[in-house]
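Chains as they are written, first to last, in the working numbering: chain D, 53 to 972; chain W, 404 to 530.
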């Protein structure tokens, strides 16, 4: 008699053994004497793949589809054959980057994107939840069936039980406790949960032994070996079709199931957990590559015999084929074996639930909750000194929630769905990760945008073609939703999307999800560009076997070792931080003082360490809070390049400026030299002026004193001396006038009364002013050549007269003493008026030509009796003519007289025509 | 014995005034209007004293002074320099070339006569 309490008791004892093994495993791990570090335990832990779905469901599927159950195990076998190429790479990448989950892996590959990590987590939770429910239901179903012993009654016929009478509920509680105890012992999720793995391996042994026991019992106990069962089955009309592929759902179904399970063995979150995250030693994979297929072979070898045995033993479908493993020993009254079968099923279910919840909790905390919390600034999480407690609480809560949700799902979905369908729905969800990961580790070009779009679209198509229909089947949506499509839109029929008919729902869903997933991944990867982080991660992932330095990292910013240490301590605790820093120092072979700057190598290692605790995406956020200014994307890099080019531009400008400055300095120096020269000139001028003033003054004073002192001087002589005094006084006045004139001209203070004038009038005015000279000196004749129609000029009349008077009086002074002649000519030449004053005197030597226009330079014989000039006459002429935009010069040979000429530009046309009008 | 004085200046009116003063004081007076002429006059008849203007065409007063001092035969010639430039540097320069006195224009006629007399009296004593 199998009382309920016996079953519960045995199950309880079994679970206690699990706890004990897990506790022992963790203890050994703490003592550094790992019990799981060998390929056999590794293989057995991977066998968590075989869930209660395998244990009960394979037989169920074989009973309806014959060899149709096989692809689920063929796929993983194929995957493990090529494990060395794919799995090993994933494991290596995960070890190097301290990957904590499949979400972490994908997020990390695509630029440590927390959004992508979150998306993967959501897909995983939604996709795996039904699978966990499936396990819970298997436990409760098997318990219900077993508890009816010796009767064989299907649970559907018993009606529903209350929550507190439901075994699944208590199992959920137990498993939650287990997962919390052994799945969240430490914060570093990338470290191994050795106790958990040990327990899982133990469970794999139990379920295998249980299944083999049933198989042997059925094959050799009830029947007479394989040959006996198969020949009997073939003999049965109903069972004959199970031996063919057609009976197994056709080739398309085979192919899609094989592909699905190939993906599932790696990409189901729990498989990723045990195969990749919990992998102690990459080398174990080599043995697991053939050990795991062997395990699968063993656990499948008796599937068909049990199925056939069950079908033969329970003809007419009165007993659900999913329960044959349990009901066959029961019907034969082997209660012990039946109990063992129950425990086997329990082990298959619990193993899956434990690993799945731990994996999901890590993902939820690291890739969903923490990134959100860390971004919520009002929480001030990044300022808290110790976050380990918070993270662990999140994980524990997640485990409890996942199990609770799983249980709720069981209660809601109920019995409507076959085990195998739920399992395959989850497989298809997990398969959505395949393109992003496979492309991610073999193709550097796969971009975040592609991964997000592919995953998102694949997930939505999955939900529409598999999840939503499951609701419809459970009666939450109308049947017509499946048969006619939503609102009768046939193109959107969930099982025949875009009118794709003729495939089973799973193949159909797989086809469309992959079309969208792979399609978008490829297209967007090709048309979008990667950020810098993405690119560096892509290179690191794809070239993981080539690269040992941990990938290139474009980097700017700074943090001290102390800051990095404090950051690590907050997430993994002070003691573990210190240990890791000791390791870092050993690896880098240098000391890292607290106040020194953390180089890119230290920060990378620290970030990976942190990633092991909270996931790559969160780790990146946290490291970024300490190491400011990490470069994020191409834009930022371009900015820096921009800055660099700006700096180059600035330095070029600077150079230019400095050149300009140099030029300016040179100019200034030149100007200064010129100023000094001018100053000297001015000094010279002042001293010359004082000399020129003193000279007439000397004569005046001397003669005044002489006359004063010699009262009896003859009258005649006295007059002569007084005459000299008068002349010298005049000279002094002229000199002062000239000096004032030239000073005014130079300083621009002279007022010019510019007017448009007839040159002839001006010349005649000058002639009138000098007429006295010619009257005094009858030896000099004046000859003029002045045309009547000279064009107008724009000048200051008085100044031009001054020039002419100066030139004429010079000519008179220096012309031939016996037959003096002075010629004055004026003519319009081109746009100028040219005036010349010529004398027939001794002339000026060519080397003196320039000198005559300089100040106080008097050329000629000082012995002439003519009044001396001031030495400023010609320089003043130069200034005046220059002001009229003209030029003055001298043509002369010694002994041939001199011709002083100047030209002045004619007045502008309008004035010219005015004057024309006047003259005509 | 009547002392002879050579007056050198390019300003005729100044020469006239000095000539009148010196003749009136009883000196034999010779005049020259530039440096070259002055040296010729010295060669013709070595004067007891030269009144020498600095700013002159051809040879300036400093050069004339230097040439006179270079010739040992003219060792006894006293030189009084005249300049319209009142700077001390000019004065130093003149004295360094061997001038016995240095007067700035416009000078006082009484003053220059006094100086000439003093210098010549001093020479007479030395002899």
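The C-beta atom is built at its ideal place from N, Cα and C for all residues, glycine as well.
- Query: Which chain D residues are close to residue 513(W), counting only those with a beta carbon under 8 Å from its beta carbon?
  - Reply: Here residue 513(W) refers to the residue found at position 110 when the second chain is read from its first residue. By Cβ distance, chain D contributes 757, 761.
- Integer Cβ distance of residue 818(D) from residue 845(D), believed to fall under 8 Å: By 1-based counting over the first chain, the position of residue 818(D) is 766. By 1-based counting over the first chain, the position of residue 845(D) is 793. Incorrect: roughly 14 Å between the Cβ atoms, too far for contact.
- Query: So, do the segment 884–904 of chain D and the segment 820–830 of chain D have three or more beta carbon pairs nearer to each other than 8 Å?
  - Reply: no
- Message: Give me the DSSP bridge partner(s) of residue 872(D).
- Response: One-based indexing of the first chain puts residue 872(D) at position 820. Per DSSP, 832(D).
- Cα-Cα, which of 536(D), 561(D), 552(D) is closest to residue 514(D)? Reading the first chain from its first residue, position 462 is the one you call residue 514(D). It is 561(D).
- Query: How about residue 98(D) and residue 423(D): are their beta carbons less than 8 Å apart?
  - Reply: Residue numbering aside, residue 98(D) sits at position 46 when the first chain is read from its first letter. Residue numbering aside, residue 423(D) sits at position 371 when the first chain is read from its first letter. For residue 98(D) and residue 423(D), no; Cβs fall outside 8 Å.
- Message: Could you check whether residue 676(D) and residue 452(D) sit closer than 8 Å to each other, using their CB atoms as the reference points?
- Response: Taking the first residue of the first chain as 1, we reach residue 452(D) at position 400. Taking the first residue of the first chain as 1, we reach residue 676(D) at position 624. Not in contact: residue 452(D) and residue 676(D) (Cβ atoms no closer than 8 Å).
- Would you say residue 743(D) faces chain W, with C-beta separation under 8 Å as the test? Position 691 of the first chain, counting from 1, holds the residue named residue 743(D). Answer yes: the Cβ-Cβ gap between residue 743(D) and chain W drops below 8 Å somewhere.
- For residue 906(D), is the classification buried or exposed, using 16 other Cβ atoms within 10 angstroms of its Cβ as the cut-off for buried? The sequence position of residue 906(D) within the first chain is 854, counting from 1. Answer is exposed; the Cβ neighbour count stays below 16.
- Within the chosen definition, does the segment 362–373 of chain D reach the segment 403–412 of chain D through at least 3 CB pairs nearer than 8 Å? no
- Message: Please return the same chain residues whose Cβ sits closer than 6 Å to the Cβ of residue 796(D), not counting the five positions on each side in sequence.
- Response: Within the first chain, the letter at position 744 stands for residue 796(D). Within the same chain, residue 796(D) has close Cβ partners 802.
- Message: Quick check on this structure: which residue in 127(D), 479(D), 90(D), 523(D) has the alpha carbon closest to the alpha carbon of residue 175(D)?
- Response: Along the first chain, read from residue 1 onward, the residue named residue 175(D) stands at position 123. That would be 479(D), whose Cα lies nearest to the Cα of residue 175(D).
- Query: Hey, does residue 914(D) have any beta-carbon neighbour from chain W nearer than 8 Å?
  - Reply: In the first chain, counting from the first residue as 1, residue 914(D) sits at position 862. Note that residue 914(D) scores a pLDDT of 45, beneath 50, so its modelled location is shaky; the value from the coordinates is reported in the next line. Output row for residue 914(D): interface = yes.
- Task: Return yes when the Cβ of residue 644(D) is within less than 8 Å of the Cβ of residue 613(D), no when it is not.
- Result: For the purposes of this step, residue 613(D) is identified with residue 561 of the first chain, where counting begins at 1. For the purposes of this step, residue 644(D) is identified with residue 592 of the first chain, where counting begins at 1. Closer than 8 Å, so yes.
- Item | Presumed contact (8 Å Cβ cut-off) between residue 572(D) and residue 502(D), rounded CB distance | Numbered from its first residue, the first chain carries residue 572(D) at position 520. Numbered from its first residue, the first chain carries residue 502(D) at position 450. Residue 572(D) to residue 502(D), Cβ: 6 Å. Contact.
- List the whole-angstrom C-beta distance separating residue 668(D) from residue 149(D), where the pair is believed to meet the contact cut-off of C-beta under 8 Å. Within the first chain, numbered from 1, the residue matching residue 668(D) stands at position 616. Within the first chain, numbered from 1, the residue matching residue 149(D) stands at position 97. Confirmed, Cβ separation roughly 6 Å.
- Message: Taking DSSP's pairing of strands, which residues face residue 890(D) in a bridge?
- Response: Looking up residue 890(D) in the first chain gives position 838. The partner list for residue 890(D) (beta bridge, DSSP) reads 875(D), 951(D).
- Quick one: using the 10 Å Cβ neighbour count with 16 as the cut-off for buried, is residue 510(W) buried or exposed? Translated into the one-based positions of the second chain, residue 510(W) becomes position 107. Label assigned to residue 510(W): buried.
- Message: If the criterion is Cβ atoms closer than 8 Å, does the pair residue 489(D) and residue 158(D) meet it?
- Response: Mapped onto the first chain, residue 489(D) falls at position 437. Mapped onto the first chain, residue 158(D) falls at position 106. Yes, the Cβ-Cβ distance between residue 489(D) and residue 158(D) is below 8 Å.
- Item | Exposure of residue 869(D), with buried meaning 16 or more beta-carbon neighbours within 10 Å | Along the first chain, read from residue 1 onward, the residue named residue 869(D) stands at position 817. With fewer than 16 other Cβ atoms within 10 Å, it is exposed.
- residue 103(D), DSSP secondary structure in three states: Looking up residue 103(D) in the first chain gives position 51. Note: residue 103(D) maps to coil in three-state DSSP.
- From the beta carbon of residue 977(D), is the nearest beta carbon of chain W less than 8 Å away? Any property of residue 977(D) remains undetermined from this structure, which presents chain D solely from 53 to 972.
- Message: So residue 739(D) contacts chain W; which residues on that side make the cut at Cβ distance below 7 Å?
- Response: For the purposes of this step, residue 739(D) is taken as the residue at position 687 of the first chain. Those are 488, listed as they occur along chain W.
- Message: At the 8 Å Cβ level, is residue 430(W) part of the contact set with chain D, yes or no?
- Response: The residue labelled residue 430(W) in the question sits at position 27 within the second chain. No - not a single Cβ of chain D is within 8 Å of the one on residue 430(W).
- Message: Taking the alpha carbon of residue 306(D) as the reference point, which residue from 86(D), 330(D), 127(D), 110(D) has its own alpha carbon closest?
- Response: For this step, residue 306(D) is matched to residue 254 along the first chain. With distances taken between Cα atoms, residue 306(D) lies closest to 127(D).
- Which residues in the same chain as residue 531(D) place their Cβ atom closer than 8 Å to its Cβ, once the five residues preceding and following it in sequence are excluded? Within the first chain, the letter at position 479 stands for residue 531(D). Closer than 8 Å at Cβ, skipping near neighbours: 524.
- Task: Give the interface partners of residue 420(W) over in chain D, defined as CB-CB distance under 7 Å, in chain order.
- Result: Within the second chain, the letter at position 17 stands for residue 420(W). Here the neighbours are 751, 754, 755, 758.
- Message: Using a 10 Å radius around the Cβ and a threshold of 16 neighbouring Cβ atoms, would you call residue 79(D) buried or exposed?
- Response: Here residue 79(D) refers to the residue found at position 27 when the first chain is read from its first residue. Residue 79(D) comes out exposed.
- Message: Tell me which residues share the same chain as residue 409(W) and place their Cβ nearer than 6 Å to its Cβ, disregarding the 5 neighbours each side in the sequence.
- Response: What you label residue 409(W) is simply residue 6 of the second chain in a count that begins at 1. Within the same chain, residue 409(W) has close Cβ partners 433, 444, 450, 453.
- Can you pull the chain W residues whose beta carbon is under 7 Å from the beta carbon of residue 746(D), in chain order? One-based indexing of the first chain puts residue 746(D) at position 694. Chain W residues near residue 746(D): 487, 508, 509.
- Message: If the criterion is Cβ atoms closer than 8 Å, does the pair residue 487(D) and residue 521(D) meet it?
- Response: As a position in the first chain, residue 487(D) is number 435, starting the count at 1. As a position in the first chain, residue 521(D) is number 469, starting the count at 1. Not closer than 8 Å, so no.
- 8 Å Cβ cutoff, residue 776(D) in contact with chain W: Locating residue 776(D) in the first chain gives position 724, counting from the first residue. Judged by the 8 Å Cβ criterion, residue 776(D) is in contact with chain W.
- Task: Look up residue 846(D) in the DSSP assignment and say whether it is helix, strand or coil.
- Result: Here residue 846(D) refers to the residue found at position 794 when the first chain is read from its first residue. It is a strand residue.
- Query: What is the C-beta distance between residue 455(D) and residue 194(D), in whole angstroms, given that I count them as a contact (C-beta under 8 Å)?
  - Reply: Residue numbering aside, residue 455(D) sits at position 403 when the first chain is read from its first letter. Residue numbering aside, residue 194(D) sits at position 142 when the first chain is read from its first letter. That pair is no contact at about 18 Å.
- Does any residue of chain W bring its CB to less than 8 Å from the CB of residue 780(D)? For this step, residue 780(D) is matched to residue 728 along the first chain. Interface residue, yes.
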